[in-house]
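In the numbering used here, the protein residues as written are -19 to 228.
What follows is a set of notes on a single structure, which appears directly below.
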């Protein structure tokens, strides 16, 4: 991705457009840059993959200057039926299909996905390593129920299952997750929950729609939640504009 962006910048430079942009690779949850580095932070179609949104928003707050804004755009919206259906179908492939894993290796991002396996296979390996004596039926039940968990959580779930037969209940909106890294495969987001997470960190937050045609465009800034939920059913896209107070 860094190489691709660098090539883009060089092409623009050759065409007479110079942008003061420096591509950096890093984890937004632990990005090591000085406090108050930025006037603005923009994220589009990315936060559905982030393993710890609370940590990300903490970091964004620290990196923004007082009065600075974060703008977050996304369409992975659990209030939209089409978005839910698309996610659940793609998650099933990522979780179970070796063919999909080979496609990731060959065509999507070969470096990142060089060792790609179906997530369910990874969980099964963790389960069998934690409890080699479990029978196949128990392993299959845990493999399904532990979707969305990371290694430490899977090991704890195996231990509890051995004690009392309890199976965890997977998160309907975020169960497709790399059990090793914690990265989500496009989890379904709750825009209202995200707004609250940002507010809890001291941001002033506006939640907006992205309708572009009249008369729906007039409703982009509506604040009545029941109406917002119905509007998200029409179009999943949402924008969160989070401003850090000037006195922060």
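Glycine residues also receive a C-beta, built at the ideal position from the N, C-alpha and C atoms.
This structure is a prediction, so every number in the text was calculated from the model and none was measured.
Using the Cα positions of residue i and residue j, report the straight-line distance between them to the nearest angstrom.
| i | j | result |
| --- | --- | --- |
| residue 81 | residue 114 | 27 Å |
| residue 212 | residue 189 | 8 Å |
| residue 56 | residue 191 | 16 Å |
| residue 95 | residue 8 | 23 Å |
| residue 235 | residue 36 | Within the shown structure, residues of the chain are numbered from -19 to 228, placing residue 235 beyond reach of any answer. |
| residue 3 | residue -17 | 9 Å |
| residue 116 | residue 93 | 28 Å |
| residue 209 | residue 165 | 23 Å |
| residue 187 | residue 207 | 13 Å |
| residue 12 | residue 5 | 11 Å |
| residue 218 | residue 203 | 13 Å |
| residue 106 | residue 121 | 14 Å |
| residue 224 | residue 184 | 7 Å |
Please determine, among the options, the residue with the shortest C-alpha to C-alpha distance to residue i.
| i | options | result |
| --- | --- | --- |
| residue 26 | 151, 61 and 167 | 167 |
| residue 72 | 53, 156, 61 and 58 | 156 |
| residue 53 | 224, 220, 227 and 226 | 220 |
| residue 233 | 8, 29 and 40 | Summary: the structure shown does not reach residue 233, with the chain confined to residues -19 through 228, and so no result is reported for it. |
| residue 226 | -9, 45 and 39 | 45 |
| residue 98 | 124, -19 and 6 | 124 |
| residue 103 | 18, 87, 64 and 162 | 162 |
| residue 197 | 205, 214, 184 and 183 | 214 |
| residue 138 | -4, 110 and 70 | 110 |
| residue 65 | 223, 216, 224 and 222 | 216 |
| residue 143 | 49, 118, 23 and 43 | 118 |
Starting from residue i, trace the beta strand (DSSP E) in both directions and tell me its first and last residue.
| i | result |
| --- | --- |
| residue 33 | Element bounds for residue 33: not the beta strand (DSSP E) but the alpha helix (DSSP H), 33 to 43. |
| residue 310 | Nothing about residue 310 can be reported from this structure: the residues present for the chain run from -19 to 228 only. |
| residue 147 | Per DSSP, residue 147 belongs to no beta strand (DSSP E) and is neither H nor E. |
| residue 191 | Unbroken run through residue 191: none, as it is neither H nor E. |
| residue 20 | 18 to 24 |
Please check the pair residue i and residue j, which I expect to be a contact at CB under 8 Å, by giving their CB distance rounded to whole angstroms.
| i | j | result |
| --- | --- | --- |
| residue 34 | residue 177 | 6 Å |
| residue 130 | residue 159 | 5 Å |
| residue 31 | residue 181 | Residue 31 to residue 181, Cβ: 17 Å. No contact. |
| residue 169 | residue 58 | 6 Å |
Just curious, the alpha helix (DSSP H) that residue i is in, first and last residue?
| i | result |
| --- | --- |
| residue -14 | -18 to -6 |
| residue 220 | Here residue 220 belongs to no alpha helix (DSSP H); instead the beta strand (DSSP E) covers 218 to 223. |
| residue 57 | Element bounds for residue 57: n/a, residue is neither H nor E. |
| residue 213 | 205 to 214 |
| residue 86 | Residue 86 -> no alpha helix (DSSP H), and no H or E assigned at all. |
| residue 66 | 61 to 76 |
- prompt: Contact between the segment 143 to 152 and the segment 169 to 176: three or more CB pairs below 8 Å?
  reply: No contact exists between the segment 143 to 152 and the segment 169 to 176.
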